[in-house]
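Down below is the structure, laid out as C-alpha cells.
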Amino acid sequence: MNIAMFTNNYKPFIGGVPISIERLPEGLRSLGHRVTVFAPEPEGKLSAEQERDVVCFKVFYRKADRGMILGNCFDRKIEAYFRKGNFDVIHVHHPVLVGQTALYLGKKYKIPVAYTYHTRYEEYLHHFKLYEAMASGEYPGAALSECGRCFSICVQV
1 MNIAMFTNNY
11 KPFIGGVPIS
21 IERLPEGLRS
31 LGHRVTVFAP
41 EPEGKLSAEQ
51 ERDVVCFKVF
61 YRKADRGMIL
71 GNCFDRKIEA
81 YFRKGNFDVI
91 HVHHPVLVGQ
101 TALYLGKKYK
111 IPVAYTYHTR
121 YEEYLHHFKL
131 YEAMASGEYP
141 GAALSECGRC
151 FSICVQV
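Those letters in the sequence shown? Residues 1 to 157, per the UniProt record's numbering, in order.
Given below as C-alpha cells:
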C-alpha cells in the first residue's frame, strides 16, 4: 500500500506525535508498504527532507521556546508532491491545518482518510490567540465532527 502521512509537527520537535510518526512508517515499511510523510520544514540546518520519503512544507509561524509551529497548509508543494505519489490512503495526525489539507486531498482524489486523535488540543490552544475561543472546551466536539469525514479513527489519549 502507498500511504501519505500528514502532520503539523515532526522532528526535531520532541513529543508523542513526532515519535509516533517516526515509528509508524518504520513498521509499515518493514511490512512492505511505502510511506511518505508530509511535515513542516524544521528550523535551522536540520532537514527532514534528507530522510527517506519526507516532504517538507513552509511554516507560517514558529515559537521556538515552546516548539510550537504553524505549518503553511496552503503551500503548493504539498499538492504537487501528493499528486505524483499515487497514494492508496491518507493518514492524518491532526484535525486542523494540514489535517484540513489532507481531507481536501482525500476528497479531491477520492482517497480514503484515516485519522489518529493523539492530542487534547483544548489543553494547548491558549498558546495561539487565534484559537482562544476554541479553548473553551467545545473543541473536542469540533474535532470529532471532522472525524465523520474519515473512514477510520484511532484514539491515543
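Where is the CB? At the ideal position from N, CA and C, for every residue including glycine.
For TYR115, the enclosing beta strand (DSSP E) begins and ends at 113–117.
Comparing alpha carbon positions, the residue from SER30, LYS77, VAL35, LEU31 closest to ILE90 is VAL35. Annotation for THR36: the continuous beta strand (DSSP E) segment containing it runs 34–40.
The continuous stretches of beta strand (DSSP E) do not include VAL96, and DSSP gives it neither H nor E. The secondary-structure analysis by DSSP pairs VAL59 across a beta bridge with GLY71.
Collapsing the DSSP output to three states places PHE82 in a helix. Distance from the CA of GLN100 to the CA of PRO40, rounded to the nearest whole angstrom, comes to 14 Å. As computed with DSSP, MET5 is found in a beta bridge with VAL37, HIS91. If the five residues before and after PRO25 are omitted, its C-beta is found closer than 7 Å to the C-beta atoms of MET5, VAL35, VAL37, all from its own chain and listed in chain order. With contacts defined by Cβ atoms closer than 8 Å, LEU70 and TYR61 form a contacting pair.
Measuring C-alpha to C-alpha distances from GLU51 to each of GLY27, LYS11, PRO112 identifies LYS11 as the nearest. Contact annotation, HIS33 with ILE3: C-beta distance approximately 6 Å; criterion of less than 8 Å satisfied. For the pair TYR115 and PRO95, the CB atoms are nearer than the 8 Å cut-off.
Around the CB of PRO42, 16 or more other CB atoms lie within 10 Å, so the residue is classed as buried. As the crow flies, the alpha-carbon of ILE111 is around 14 Å from that of LYS84.
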